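Step one of this worksheet: look at the structure below.
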Amino acid sequence: MSMPQSPLRIAMVAPPFYELPPRGYGGIEVVVAKLIDALVDRGHEVTLVGAGRNGTKAQFRRTYADPQFARLGEPLPEAVHAAATAEILEHLDVDVVHDHTLLGPLQARGRAVPTVATVHGPVTGEPGLYYRRLAKTTELVAISDAQRGFAPDLNWAATVHNSLDPADYTFRSEKEDWVLFLGRCTPDKGMHLAIDAAREAGREIKLAAKCSEPSEREYFEREIRPRLGAGVEWLGEIGGQDKRDALASARCLLFPLQWEEPFGMVMIEALVSGTPVVTMPRGAAPEIVTDGVTGLLRERLEDLPAAIDAVDIIDPALCRAEVLDRFTPDVMAAGYEKVYRDVVERALAGTWTPSRKAGMRPATALGQAAPVVAPKAPGVGQKAATGHLAAGTGAAGGGSTGVRLTLDK
8 MSMPQSPLRI AMVAPPFYEL PPRGYGGIEV VVAKLIDALV DRGHEVTLVG AGRNGTKAQF
68 RRTYADPQFA RLGEPLPEAV HAAATAEILE HLDVDVVHDH TLLGPLQARG RAVPTVATVH
128 GPVTGEPGLY YRRLAKTTEL VAISDAQRGF APDLNWAATV HNSLDPADYT FRSEKEDWVL
188 FLGRCTPDKG MHLAIDAARE AGREIKLAAK CSEPSEREYF EREIRPRLGA GVEWLGEIGG
248 QDKRDALASA RCLLFPLQWE EPFGMVMIEA LVSGTPVVTM PRGAAPEIVT DGVTGLLRER
308 LEDLPAAIDA VDIIDPALCR AEVLDRFTPD VMAAGYEKVY RDVVERALAG TWTPSRKAGM
368 RPATALGQAA PVVAPKAPGV GQKAATGHLA AGTGAAGGGS TGVRLTLDK
């Protein structure tokens with residue numbers, strides 16, 4: 008008979024741009040909020056470090072009084088957030104730090120407890136160079152095997168898929184005869200291609216998209232506005248009941264990806280609503296959509312109109328069942344819990360060794376605090392990590408040029 012495992016004390020570091028849970032757009036923040044609540048429900052002690060208000064079940068430490076979404080794309084908000092987080096973590100007794108920011112893992116070198124970082128964006132090019140520099144200090148978690156496959160040499164601890172709460176969505180088995188595009192207004196999402204495919208299929212299409220950043224507005228004016236007209240309805244950014252109704256009512260979600268999407272939350276949002284997904288087999292799409300069962304994957308753009316016609320073969324109940332089986336918060340929390348226990352147990356056994364043990368209080372056993380290894384003045388050891396921060400690699404998918412790597416919708 009196995010002994011029950013002790014609860015873990017987890018510091019969860021969220022980006023400073025949106026509250027948790029977000030009131031509108033905020034892909035990473037939705038996932039982190041669900042993860043926190045699921046971990047607390049599993050008996051763990053979670054402390055959220057973030058900006059604005061806290062709507063989760065976690066204890067809370069604030070770095071900014073208000074979320075910094077208006078400054079998304081600027082380097083300083085995340086730099087200030089990282090520096091404030093380092094100071095906060097000095098005074099927390101935790102077993103593991105789980106960081107969802109880009110700059111935060113730079114602080115891992117000065118910690119005596121393990122740091123786990125979820126990679127929410129691309130891992131090729133300059134982002135890959137950055138994550139390789141973290142190999143000796145940070146355990147990385149991929150959000151899909153596809154993402155991981157583009158940089159298999161990184162210090163991956165596991166793949167843990169993102170999740171959603173099925174209770175937040177409406178299931179409907181009877182569909183209306185129009186197709187939905189839902190996502191960001193960027194070329195890599197293929198909205199203009201979705202319009203063309205829907206028109207070729209003779210179906211109305213409704214476009215629900217975030218279109219607030221300059222690059223998004225430029226794409227809209229260049230590719231989308233000229234295509235608006237009969238059979239093409241622009242909804243803009245939607246949320247709440249409007250979003251739930253759109254996802255549940257559409258004949259299908261039409262999502263002609265033009266890049267290697269690391270995950271794609273909108274696909275599981277459609278599936279849990281009983282709506283099949285028509286997309287390209289790029290990035291994580293084949294991990295999420297089972298061709299012929301929960302949607303249709305097509306290699307060629309010219310095959311999308313026929314796929315729109317063929318979605319009648321898909322059973323909406325099977326679409327929802329796939330999410331209930333694979334993409335719930337409890338499934339995600341179980342995956343992360345396994346990662347946490349592995350790195351903490353290796354730390355206790357001496358087989359996980361950060362480059363410099365200083366600052367935070369290490370655990371001598373799960374859930375038990377130990378004395379500080381090397382007493383020092385507050386902030387010592389953190390300044391080197393935050394003194395020369397540079398802007399990051401841009402948003403996943405080519406949006407903002409700031410330090411946030413967005414989880415795509």
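Each residue of the sequence shown is one higher than the one before, counting from 8 in our numbering.
Beta carbons: idealized from backbone N, C-alpha and C, even for Gly.
Computed from a predicted structure; not experimentally measured.
Output needed for alanine 158: all residues of its chain with C-beta closer than 6 Å, excluding positions within five of it in sequence on either side, in chain order.
Val130 and Gly135
Tell me whether the beta-carbon of methionine 19 lies closer than 8 Å to the beta-carbon of threonine 54.
yes
Looking at alanine 65 and valine 47, is the spacing between their C-beta atoms short of 8 Å?
yes
Report yes if the C-beta distance between arginine 16 and aspartate 100 is below 8 Å; otherwise report no.
yes
Taking just the CA atoms, how far does glutamate 276 sit from aspartate 106?
24 Å
Residue range of the alpha helix (DSSP H) that includes aspartate 106:
Premise fails: aspartate 106 lies in the beta strand (DSSP E), 103-106, not in any alpha helix (DSSP H).
If you count every other CB in all the chains shown that lies within 10 Å of the CB of glycine 388, and 16 or more means buried, which is it?
Confidence in glycine 388 is poor, its pLDDT being 32 and thus under 50, which makes the residue's placement unreliable; the coordinate value appears in the next sentence. It is buried - the Cβ of glycine 388 has at least 16 other Cβ atoms within 10 Å.
What residue range is occupied by the uninterrupted beta strand (DSSP E) comprising glutamine 66?
66-71
Are the beta-carbon atoms belonging to leucine 261 and isoleucine 212 less than 8 Å from one another?
yes
Whether isoleucine 245 touches alanine 237 by CB criterion (8 Å)
no
Do glycine 432 and leucine 27 have their C-beta atoms closer together than 8 Å?
With the chain covering only 8 through 416, there is no way to say anything about residue 432.
Just to confirm the assignment: which complete beta strand (DSSP E) runs, minimum length 3, are found wholly within the segment 145-230?
145-149, 163-166, 185-191 and 211-217
Considering only residues of the same chain and omitting the five flanking positions on each side of asparagine 61, which have a CB-CB separation below 7 Å?
Leu27, Leu55 and Phe67
Please say whether arginine 140 and aspartate 149 have beta carbons closer to each other than 8 Å?
First, the residue type needs correcting, since residue 149 is alanine and not aspartate in the sequence shown. No, Cβ-Cβ distance for alanine 149 and arginine 140 is not below 8 Å.
With a threshold of 16 other CB atoms inside 10 Å of the CB of arginine 289, please say whether the residue is buried or exposed.
buried
How many angstroms separate the CA atom of lysine 163 from the CA atom of leucine 42?
The sequence given here has tryptophan at residue 163, not lysine. Their Cα atoms are separated by approximately 19 Å.
What is the DSSP secondary structure of glutamate 52, reduced to helix, strand or coil?
strand
Burial state of glutamine 248, where buried means 16 or more other Cβ atoms lie within 10 Å:
exposed
Distance, valine 273 Cα to glycine 405 Cα
Legend: pLDDT at glycine 405 = 34, less than 50; position of this residue unreliable, no value from coordinates given.
Compute the distance between the beta-carbons of leucine 242 and leucine 264, then report whether it is under 8 Å.
no
Among residues of its own chain, excluding the 5 on either side of alanine 291, which ones have a beta-carbon nearer than 7 Å to its beta-carbon?
Ser151, Ala153, Gln154, Glu268, Pro269, Phe270 and Gly271
Among His88, Pro82, Phe178 and Val104, which residue has its Cα nearest to the Cα of glycine 59?
His88
Which stretch, first to last residue, makes up the alpha helix (DSSP H) that contains glycine 132?
132-140
Is the segment 177-189 touching the segment 320-330 in the sense that three or more CB pairs, one from each, lie closer than 8 Å?
yes
Taking the beta strand (DSSP E) that threonine 92 belongs to, which residues open and close that run?
Looking at the DSSP string, threonine 92 is not in any beta strand (DSSP E); the run it does join, the alpha helix (DSSP H), is 82-97.
Tyrosine 138 vs leucine 147 beta-carbon contact at 8 Å:
yes
With burial defined as no fewer than 16 other Cβ atoms inside 10 Å of the residue's Cβ, what is the status of arginine 307: buried or exposed?
exposed
Boundaries (first-last residue) of the beta strand (DSSP E) holding methionine 19:
16-20
So is alanine 392 buried or exposed if we call it buried at 16+ other beta carbons inside 10 Å?
Bear in mind that the predicted position of alanine 392 carries a pLDDT of just 31, short of 50, making it unreliable; the figure below should be weighed with that in mind. So alanine 392 counts as buried.
Residue range of the beta strand (DSSP E) that includes glutamate 2
With the chain represented from 8 up to 416, any question about residue 2 goes unanswered, as that position is not in the structure.
8 Å CB neighbourhood of lysine 224 in its chain, flanking five on each side removed
Per the sequence presented here, residue 224 reads as arginine, with lysine not at that position. Cβ neighbours of arginine 224 beyond the five flanking positions: Cys192 and Cys218.
Looking at the structure shown, is valine 300 part of a helix, part of a strand, or coil, going by DSSP?
coil
Where the alpha helix (DSSP H) containing leucine 325 begins and where it ends
323-333
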